[in-house]
Amino acid sequence: MVSFGSKSNIFRAGFYYNMVQKLESHNLTVTQLAFSPDSKNLLSVSRDRTWSLFEYDINTNLFIIKSKSDKHTGIHTRIIWCCAWTHDSMYFATGSRDGKLVIWGQNDQSVDSKITYCAKTNPLIVSEKSFTAVAFAPTLINECKKTYFLAVGADCGSISLYKWSLEEKSVTPWLKIADLINEFGHHLTVKRIKFQPLLCKTDSRYREDVLQMASCGADMMIFLNSCHNIDLNL
Numbered sequence: 004m005v006s007f008g009s010k011s012n013i014f015r016a017g018f019y020y021n022m023v024q025k026l027e028s029h030n031l032t033v034t035q036l037a038f039s040p041d042s043k044n045l046l047s048v049s050r051d052r053t054w055s056l057f058e059y060d061i062n063t064n065l066f067i068i069k070s071k072s073d074k075h076t077g078i079h080t081r082i083i084w085c086c087a088w089t090h091d092s093m094y095f096a097t098g099s100r101d102g103k104l105v106i107w108g109q110n111d112q113s114v115d116s117k118i119t120y121c122a123k124t125n126p127l128i129v130s131e132k133s134f135t136a137v138a139f140a141p142t143l144i145n146e147c148k149k150t151y152f153l154a155v156g157a158d159c160g161s162i163s164l165y166k167w168s169l170e171e172k173s174v175t176p177w178l179k180i181a182d183l184i185n186e187f188g189h190h191l192t193v194k195r196i197k198f199q200p201l202l203c204k205t206d207s208r209y210r211e212d213v214l215q216m217a218s219c220g221a222d223m224m225i226f227l228n229s230c231h232n233i234d235l236n237l
């Protein structure tokens, strides 16, 4: 699937790229798309400062609009550059030019059986940065506290590593682990970040308690970093 820098998301399947479906939701350029790991939802973000969530309908084999942010619920006040899902498809994150990273999930207070989405905690705000890339690790790093691990890239080339937990009620849900800068980071805008999927222990590439992360940037560089899970739990 591709967006072609347009206001619509266009599905194409097969060698000849025949259009399967066109999704209308945004008023300006779609900046990024992300399927949920369970393949049930499609998330899109746009220059119009909103996100849209589409749900796959197994009966029609089509995606239908499920939820959408607006100027009252959107939180972001500038272009949304990036988005990503947690490995369990429970939450998704959006990052924008105004230095805000928001994690969204289903609203527990939804009424009339209508599913809506809301920010699950206060957003991460780093006003001097523009968030341009985000990715979640493929597993929880603390099962008891349901702690997620994510990487956030910025226009300055830095990649910051964070813990996020909805369970930490008495303290901030965000905890910075490290910054990848200088020789460990990019020198221009970070474009994409991706964690390696979990490997089976019988795979020759398997390394216990190690998460591998790849990133690419406008500096035309690709970095591969290893994050040791034993260190993340300190």
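Counting along the sequence shown from 1, when you hit position 222 you're at 225 in the working numbering, and nothing is skipped either side.
We put the CB at the ideal spot given by N, CA and C, even for glycine.
In three-state terms, what does DSSP make of residue i?
i	result
residue 131	coil
residue 186	helix
residue 85	strand
residue 78	coil
residue 231	strand
residue 146	coil
residue 21	strand
residue 44	strand
residue 214	strand
residue 28	coil
residue 102	coil
residue 237	Bear in mind that a pLDDT of 47 at residue 237, under 50, signals an unreliable position, so the number given afterwards is only what the model happens to contain. Coil.
Out of curiosity, what's the CA-to-CA distance linking residue i and residue j?
i	j	result
residue 135	residue 176	21 Å
residue 203	residue 140	16 Å
residue 222	residue 159	11 Å
residue 123	residue 77	13 Å
residue 103	residue 161	15 Å
residue 190	residue 156	11 Å
residue 71	residue 145	31 Å
residue 186	residue 131	21 Å
residue 1	residue 228	Since the first residue of the chain shown is 4 and the last is 237, residue 1 is not available in this structure.
residue 42	residue 60	11 Å
residue 148	residue 28	36 Å
residue 92	residue 109	11 Å
residue 69	residue 20	26 Å
residue 53	residue 206	41 Å
residue 143	residue 74	32 Å
residue 47	residue 86	8 Å
residue 174	residue 26	40 Å
residue 166	residue 96	13 Å
residue 198	residue 215	6 Å
residue 98	residue 40	19 Å
residue 220	residue 188	9 Å
residue 64	residue 57	12 Å
residue 184	residue 178	18 Å
residue 35	residue 170	29 Å
By Cβ distance below 6 Å, which residues in the same chain neighbour residue i in space, the five residues on each side in sequence not counted?
i	result
residue 80	101
residue 164	154, 180 and 181
residue 196	136, 138, 154, 156 and 218
residue 38	45
Is there at least one non-hydrogen atom of the ligand HEM closer than 7 Å to the beta-carbon of residue i?
i	result
residue 137	With respect to the ligand HEM, the structure shown offers nothing to examine, as it has no ligands at all.
Please go through the same chain and pick out, in chain order, the residues whose beta-carbon is closer than 8 Å to the beta-carbon of residue i, but skip the five residues on each side of it.
i	result
residue 31	10, 49, 50 and 51
residue 111	none
residue 200	141
residue 209	202 and 203
residue 224	189 and 190
Start and end of the beta strand (DSSP E) containing residue i?
i	result
residue 58	54 to 60
residue 166	162 to 168
residue 68	65 to 71
residue 34	33 to 38
residue 193	193 to 198
What residues match up with residue i in a beta bridge as DSSP calls it?
i	result
residue 125	According to DSSP, residue 125 bridges with nothing at all.
residue 107	95 and 122
residue 180	Residue 180 is not bridged to any residue.
residue 154	138 and 164
residue 219	195 and 225
Please return the same chain residues whose Cβ sits closer than 7 Å to the Cβ of residue i, not counting the five positions on each side in sequence.
i	result
residue 231	212 and 213
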